[in-house]
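Chemist: To start, I am sharing the structure in question, which I have written as structure tokens.
Residue numbers (the working numbering): 724 to 826.
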């Protein structure tokens, strides 16, 4: 196995663990707070506070697509971006404030 393959496998395993742990935490928190009327479910402010993250994701994807056309070596950035996105989704469950309060 090449060192690049090992790197991607390790990154994939870490992202999978983060995603599954975060998803499990999110589901448990959602089940605990399902009937709780004291939790504020208003999410309209989320877009105003986190718009820059969405912008970074769009720019990163655009740059990766453009770079693939420049040189074939950049083809590895696509899977790395996908693995990073899965890890970020898992981390987002740990950063969610209502879920932190429910735990």
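Glycine included, each C-beta is placed from N, C-alpha and C at the ideal position.
Bear in mind the structure is a predicted one, so any value in this text is a computation, not a measurement.
Grab the span of the alpha helix (DSSP H) containing residue 817 for me, first residue to last.
Modeler: First-last of the alpha helix (DSSP H) with residue 817: 800 to 818.
Chemist: Using a Cβ-Cβ cutoff of less than 7 Å, which residues in the same chain neighbour residue 741 once the five nearest sequence positions on both sides are dropped?
Modeler: The answer, listed in chain order, is 810, 813 and 814.
Chemist: What whole-angstrom Cβ distance do residue 797 and residue 803 have, given they're in contact under 8 Å?
Modeler: Not really, about 10 Å apart at Cβ, beyond 8 Å.
Chemist: Once the 5 residues before and after residue 739 are set aside, which same chain residues still bring their CB inside 8 Å of it?
Modeler: These residues qualify, in order along the chain: 809.
Chemist: Using only alpha-carbon positions, find the residue among 748, 817, 806 and 784 that is nearest to residue 731.
Modeler: The residue with the shortest Cα to Cα distance from residue 731 is 806.
Chemist: From 817, 819, 799 and 816, pick the residue whose C-alpha is nearest to that of residue 728; which is it?
Modeler: With distances taken between Cα atoms, residue 728 lies closest to 799.
Chemist: Check the C-beta distance from residue 787 over to residue 778 and give it rounded, since I have them as a contact under 8 Å.
Modeler: Actually they do not touch by this definition, with Cβ atoms about 15 Å apart.
Chemist: Quick one: Cα of residue 724 to Cα of residue 751, how far?
Modeler: Computed Cα separation, rounded: 38 Å.
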